[in-house]
Amino acid sequence: MINIDHLTKYYDSNTCAVDDLCLEINKGEVLGLLGPNGAGKTTTLRILTGFLEPTEGTVIINGLDVQRDPLKIKKSIGYLPESAPLYPEMFTYDYLSYIADIRGLAGSKKNSRIDQLADICSIREVMHKQISILSKGYKQRVGLAHAMMSDPEILVLDEPTSGLDPNQIVEIRSIIKEIGKEKTIILSTHILSEAEAACDRVVIINKGKIVADGSTDMLKKQAGSSRVLSAVLRKATHDEIKEFVMSLPDTPNPEIQNIEDGIKVRFQTGEDLRASFYEGIKKRDWVLLEMFQEARSLETIFHELTREK
Amino acid sequence: MNQQSYIHIFKREIRSFFFSPSAYIVMAIFLLITGWFFFSPFFLIARADMRSFFALLPIVFSFTIPAITMKQYAEEYKSGSFEILRTLPVSRVDILMGKFLAVMGIIGVMLLPTIIYLLSIAFLGDLDIGAVAGGYIGTLFLASAFTAVGLLCSAVSENQIVAFILGAAVCFFLVIIDRMLLFLPGYLVGLFQYLSASFHFHNFTKGILDTRDVFYFLTISGLSLYGIWMITRERV
Chain A
32 MINIDHLTKY
42 YDSNTCAVDD
52 LCLEINKGEV
62 LGLLGPNGAG
72 KTTTLRILTG
82 FLEPTEGTVI
92 INGLDVQRDP
102 LKIKKSIGYL
112 PESAPLYPEM
122 FTYDYLSYIA
132 DIRGLAGSKK
142 NSRIDQLADI
152 CSIREVMHKQ
162 ISILSKGYKQ
172 RVGLAHAMMS
182 DPEILVLDEP
192 TSGLDPNQIV
202 EIRSIIKEIG
212 KEKTIILSTH
222 ILSEAEAACD
232 RVVIINKGKI
242 VADGSTDMLK
252 KQAGSSRVLS
262 AVLRKATHDE
272 IKEFVMSLPD
282 TPNPEIQNIE
292 DGIKVRFQTG
302 EDLRASFYEG
312 IKKRDWVLLE
322 MFQEARSLET
332 IFHELTREK
Chain B
45 MNQQSYIHIF
55 KREIRSFFFS
65 PSAYIVMAIF
75 LLITGWFFFS
85 PFFLIARADM
95 RSFFALLPIV
105 FSFTIPAITM
115 KQYAEEYKSG
125 SFEILRTLPV
135 SRVDILMGKF
145 LAVMGIIGVM
155 LLPTIIYLLS
165 IAFLGDLDIG
175 AVAGGYIGTL
185 FLASAFTAVG
195 LLCSAVSENQ
205 IVAFILGAAV
215 CFFLVIIDRM
225 LLFLPGYLVG
235 LFQYLSASFH
245 FHNFTKGILD
255 TRDVFYFLTI
265 SGLSLYGIWM
275 ITRERV
């Protein structure tokens, strides 16, 4: 449905925001574009929606080139930029009515769509309020209603929950999830839990390049070949623990430190070693106070893939 | 250009302008200044024409029009709403025409009360219809050129004040340039006179409709609008 081919964007000769990005997005997919600030997420979305022109590369949506047929493409995309920059002096209803006019909805069709969106986005109570006095959460919902006005096939949402309080985040996410059942959604965020909660597929970009692509489970599995096992022991010395851990298969140097309760050991393993670790401790007659195998979260994967080397 | 789209943008801009108190301040200042300078010599000279009104108009327009145009693009950039506008199915020409026609409409509303001057003259003496009609036609061209210049200045900055100062400076320069001819070498006089908006506008107020004057104003408008079209191609 969306084919991004060798997309490159330079803001000036030294600033490369998107670097030879290739991506295919299928119909009905909810794709999370993840990356740290300045990774190139917003630039990619802006090129996708026709707001910016790429330096090189193409974006093809339903067989149409964004640069060649921008108006046709814009008709099939609903876009919510970051922090929903709406016209503050307008009233919610007037604003949505203006968007409906531009989107070519008129008469009863327009009224019924605005009515429908008021329910979907839960903005009925602010329809006759000025946008400037709305809370950030309501502004974001009005922005969502704006993006969905023409019932577009594709929704592009740039950090839709940024700056919202936890309750508002939950509300916006549930709306996105509901919409995602029928639409293709591209969602940019640097909040990993959001991508995990709402997206079928996650693409992590860093410095304009794709560094990971797949479902959240798949990414975890890929990165999960190494796990971290930690335990707190008593009746053992540092050297004994080190020797024991090094005797286990595929384990590098463990981190060992004294803590209040005993000695804490933490090491990376290639496979699940909980059983053999426990057996070893039992054999040596050490006291095991606690043992925990850390599941590698998307957060760790994200951090490893995007940190400055 | 999509006819429907630029009409919707036009309507929104008009509504937005009249929603703001600054709109009424600009209009009040315009009417106060033109009214004062029109009526104060009116009874002294006892001449039934609108020369004093039209003589002053380019100077008054040089700061009132940029005051109207300053927010058109600058405010959209600053608030980020330009990104929304550019990602809707409207072209840059739709946006440009919507904004340009809205400002022209606002100027039209601002000029409406000046009909009182016209009626006062018609009531008190014989009105030179040709000169007055020429003056108003010239006003339309002058307003169009200054609107385009003002919009261009708004399109280059995201600060309204900068846009206003820049717009007022350019318009003011175009107005006073023919007053500086005395200080210029002879070979530049013709060129600077041709560049002057006042020079071309005053031909209209004499009731002369010269294609060179029309061409001048259309060129200023056209070049400025083209500049905006280019600038907004990739304005973030």
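Top to bottom, those sequences are chains A and B. In the working numbering, each residue carries its 1-based index in the first sequence increased by 31. In the working numbering, each residue carries its 1-based index in the second sequence increased by 44. Every residue, glycine too, gets a C-beta built ideally from N, C-alpha and C.
If you run the structure through DSSP and keep just helix, strand and coil, what is S193(A)?
S193(A) falls in the coil class under three-state DSSP.
Please classify Q116(B) as buried or exposed, where buried requires at least 16 neighbouring CB atoms within 10 angstroms.
With 16 or more Cβ atoms within 10 Å of its Cβ, Q116(B) is classed as buried.
Can you look up Y118(A) in the DSSP assignment and give me helix, strand or coil?
Looking at Y118(A) - three-state DSSP - the assignment turns out to be coil, as it is neither helix nor strand.
Taking only three categories from DSSP, how would you classify A70(A)?
Of the three classes helix, strand and coil, the one that applies to A70(A) here is coil, per DSSP.
Measure the alpha-carbon distance for Y118(A) versus S125(B) and round it to whole angstroms.
Their Cα atoms are separated by approximately 7 angstroms.
Tell me whether A228(A) sits in a helix, a strand or coil according to DSSP, three-state version.
Reduced to three states, the DSSP call for A228(A) is helix.
Would T300(A) pass as an interface residue toward chain B - the criterion being a Cβ-Cβ separation below 8 angstroms?
It does not: the Cβ of T300(A) has no partner Cβ on chain B nearer than 8 angstroms.
Would you be able to state if there are at least three C-beta pairs under 8 angstroms between the region 99 to 107 of chain A and the region 311 to 326 of chain A?
No, because fewer than three Cβ pairs between the region 311 to 326 of chain A and the region 99 to 107 of chain A fall closer than 8 angstroms, the two stretches do not touch.
Does the separation of the CB atoms of F144(B) and T191(B) fall below 8 angstroms?
Yes.
Kindly indicate which residue of E120(A), L127(A), V173(A) has the alpha-carbon position closest to the one of S163(A).
S163(A) has its Cα closest to that of E120(A), out of E120(A), L127(A), V173(A).
Do you know offhand how far H177(A)'s Cα is from K208(A)'s?
For H177(A) and K208(A), the distance between alpha carbons rounds to 17 angstroms.
Tell me the DSSP bridge mates of F298(A)?
L260(A).
What is the DSSP secondary structure of I290(A), counted as helix, strand or coil?
Residue state, collapsed to three classes: coil.
Closer than 7 angstroms by beta-carbon distance: list the chain A residues that pair up with E278(B), in chain order.
Within 7 angstroms Cβ-Cβ: L83, E84.
Where does E55(A) land, buried or exposed, given buried means 16+ other C-beta within 10 angstroms?
Per the 10 Å Cβ criterion, exposed.
Skipping 5 residues on each side, what residues in its chain have a beta carbon closer than 8 angstroms to that of G94(A)?
Excluding residues within five positions, none has a Cβ falling inside 8 angstroms.
Starting from the C-beta of G174(A), find all residues in its chain whose C-beta is less than 6 angstroms away, skip the five residues before and the five after it, and write them out in chain order.
Excluding residues within five positions, the ones whose Cβ falls inside 6 angstroms are L111, A115.
For chain A, check one thing: does any of its Cβ atoms lie closer than 8 angstroms to the Cβ of F54(B)?
It does not: the Cβ of F54(B) has no partner Cβ on chain A nearer than 8 angstroms.
So what does DSSP say about G251(B), is it helix, strand or coil?
Coil, per DSSP.
Whether or not the region 58 to 77 of chain B and the region 104 to 120 of chain B are in contact is what I'm after, with contact meaning three or more pairs of Cβ atoms, one per stretch, closer than 8 angstroms; do they touch?
The region 104 to 120 of chain B, when compared against the region 58 to 77 of chain B, does touch it at the 8 angstroms Cβ threshold.
For A207(B), which residues of its own chain have a beta-carbon under 6 angstroms away from its beta-carbon, when the five flanking residues on both sides are left out?
Cβ neighbours of A207(B) beyond the five flanking positions: M114, A118, C197, S198, S201.
The alpha helix (DSSP H) that contains S219(A), what's its start and end?
Careful: S219(A) lies outside any alpha helix (DSSP H), inside the beta strand (DSSP E) at 215 to 220.
Look at the alpha carbon of G169(B) and the alpha carbon of T78(B), and state the distance between them as a whole number of angstroms.
Using only the alpha carbons, I get a separation of about 20 angstroms.
Looking at the unbroken beta strand (DSSP E) that takes in Q98(A), where does it start and where does it end?
Careful: Q98(A) lies outside any beta strand (DSSP E) and carries neither H nor E.
Which residue marks the beginning of the alpha helix (DSSP H) containing A199(B), and which one marks its end?
Note, A199(B): alpha helix (DSSP H), 173 to 200.
Residue range of the beta strand (DSSP E) that A243(A) falls in?
Segment 240 to 245, the beta strand (DSSP E) holding A243(A).
Which residues of chain B have a Cβ atom closer than 8 angstroms to the Cβ of L117(A), listed in chain order?
In chain order: S125, I128.
Taking 8 angstroms as the CB-CB cut-off, is L140(B) touching chain A?
Closer than 8 angstroms: no.
What residues from chain B crowd round D182(A), counting only those whose CB sits closer than 9 angstroms?
Here the premise fails: no neighbours, minimum Cβ distance about 14 angstroms.
Using a Cβ-Cβ distance cut-off of 8 angstroms, determine whether F62(B) contacts chain A.
Not one chain A Cβ lies under 8 angstroms of F62(B).
Is G59(A) closer than 8 angstroms to T215(A) when the C-beta atoms are compared?
Yes, these two residues count as a Cβ contact at 8 angstroms.
Pull up the distance between the alpha-carbon of F133(B) and that of H334(A), whole angstroms please.
What sits at residue 133(B) in the sequence shown is Pro, not Phe. Going by the C-alpha atoms only, they are around 38 angstroms apart.
Go ahead and pull the three-state DSSP assignment for A137(A).
Correct three-state label for A137(A): coil.
With 8 angstroms as the C-beta to C-beta threshold (strictly closer), list the residues of the region 133 to 147 of chain A near chain B in chain order.
Going along the region 133 to 147 of chain A in chain order, one finds I133, R134, G135 with a Cβ nearer than 8 angstroms to chain B.
Hey, quick one: how far does the beta strand (DSSP E) through H37(A) stretch, first residue to last?
Where H37(A) is concerned, the enclosing beta strand (DSSP E) stretches over 33 to 43.
Can you say whether C152(A) is buried or exposed, counting buried as having 16 or more other CB atoms within 10 angstroms of its CB?
C152(A) is buried by the Cβ-count criterion.
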